[in-house]
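Sequence order for the protein chains is A and B. Everything in the first sequence is counted per the working numbering, starting at -19 for the first residue and increasing by one. Everything in the second sequence is counted per the working numbering, starting at 15 for the first residue and increasing by one. Here's the structure, in structure tokens; my notes come after.
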Amino acid sequence: AQTVTQSQPEMSVQEAETVTLSCTYDTSENNYYLFWYKQPPSRQMILVIRQEAYKQQNATENRFSVNFQKAAKSFSLKISDSQLGDTAMYFCAFMKHDGSSNTGKLIFGQGTTLQVKP
Amino acid sequence: KAGVTQTPRYLIKTRGQQVTLSCSPISGHRSVSWYQQTPGQGLQFLFEYFSETQRNKGNFPGRFSGRQFSNSRSEMNVSTLELGDSALYLCASSFLGTESDEQYFGPGTRLTVT
């Protein structure tokens, strides 16, 4: 069974600084996707960034980038130039590629609450 | 394009009752997944529907069921409610439900069982 672990329940960062959120996962699969989702307080969960396991290049989306280490099964999220609007709970998630037998199923970590301080 | 909507947003029920939650996906999306979010267990996958068929199911008791209609709207039902069913129930829609598809989440339904 696949598992996703986020070892940092809470983190804080000063506005404009950089912060890295950690995520490790366990799987025997070779083809899968990894995701970071953001859930702001009382707001909808949105996708921040995603990584295809067969791509060696780390994904980037503006101020958000990942460090994907496939052999180590590590998928950390780096937020540069942190903004107050980045305050949210961040979830790391995994979905394996398994044809039609594993549709729609994201496996989530426990989440990291990030507080950006002014 | 309108986002994923869920109704009702808040619900209070008594143990033993049943409840039905509704999810309207983004127009054109045919896959709807349901998740339960609790402080203790985190986000857990309930089931996924595509073209009115349940394609995937998580490890929840049979009290949790769902269905999808021809317009892709989905409902989930929980019968014989227990205190432990108190949670935020999220639905997410995508075109096909595959790993390369982005899942778009609704605001959730907050269910409180007393």
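Cβ atoms here follow ideal geometry from the backbone N, Cα and C, with glycine treated the same way. Source: prediction; values computed, not measured.
For residue i, name the three-state secondary structure that DSSP assigns.
i: GLY99 of chain A; result: Because chain A here runs from -19 to 98, residue 99 of chain A falls outside it and cannot be looked at.
i: LEU14 of chain A; result: strand
i: GLY72 of chain B; result: coil
i: LEU110 of chain B; result: coil
i: SER97 of chain B; result: The sequence shown places Leu at residue 97 of chain B, rather than the Ser named in the question. The answer is helix: DSSP assigns LEU97 of chain B an H, G or I state.
i: ASN91 of chain B; result: strand
i: THR29 of chain B; result: The question names Thr, but residue 29 of chain B in the sequence shown is Arg. The answer is coil: DSSP assigns ARG29 of chain B none of H, G, I, E or B.
i: MET(-9) of chain A; result: strand
i: ALA16 of chain B; result: coil
i: THR(-2) of chain A; result: coil
i: ALA33 of chain A; result: coil
i: SER38 of chain B; result: strand
Pull up the CB-CB distance for residue i and residue j, whole angstroms please, since I reckon it's below 8 Å.
i: THR67 of chain A; j: VAL96 of chain A; result: 5 Å
i: ALA101 of chain B; j: GLN68 of chain B; result: Not really, about 20 Å apart at Cβ, beyond 8 Å.
i: THR92 of chain A; j: TYR70 of chain A; result: 5 Å
i: TYR5 of chain A; j: LYS53 of chain A; result: 5 Å
i: GLY80 of chain B; j: ASN91 of chain B; result: 7 Å
i: GLY111 of chain B; j: PHE64 of chain B; result: 6 Å
Within 10 angstroms of the Cβ of residue i, are there 16 or more other Cβ atoms? Answer buried if so, exposed if not.
i: SER107 of chain B; result: buried
i: PRO39 of chain B; result: buried
i: VAL82 of chain B; result: What sits at residue 82 of chain B in the sequence shown is Gln, not Val. Burial call: buried.
i: TYR12 of chain A; result: buried
i: TYR103 of chain B; result: buried
i: GLU113 of chain B; result: buried
Go to residue i, then tell me how far its beta strand (DSSP E) extends in each direction, as first and last residue.
i: GLY80 of chain B; result: 78 to 82
i: TYR49 of chain B; result: 45 to 52
i: GLY56 of chain B; result: 56 to 64
i: ARG124 of chain B; result: 123 to 127
i: ASN100 of chain A; result: Residue 100 of chain A is absent from the model: chain A starts at -19 and stops at 98.
i: THR(-17) of chain A; result: -17 to -15
i: SER54 of chain A; result: 54 to 59
i: THR92 of chain A; result: 92 to 97
Are any of the Cβ atoms in chain A nearer than 9 Å to that of residue i?
i: GLU66 of chain B; result: no
i: LEU35 of chain B; result: no
i: ALA101 of chain B; result: no
i: THR112 of chain B; result: yes
i: PRO121 of chain B; result: yes
i: GLN31 of chain B; result: no
i: TYR49 of chain B; result: yes
i: TYR24 of chain B; result: no
i: ASN91 of chain B; result: no
Closer than 9 Å, CB to CB, is residue i near chain B or not?
i: PHE71 of chain A; result: yes
i: TYR34 of chain A; result: no
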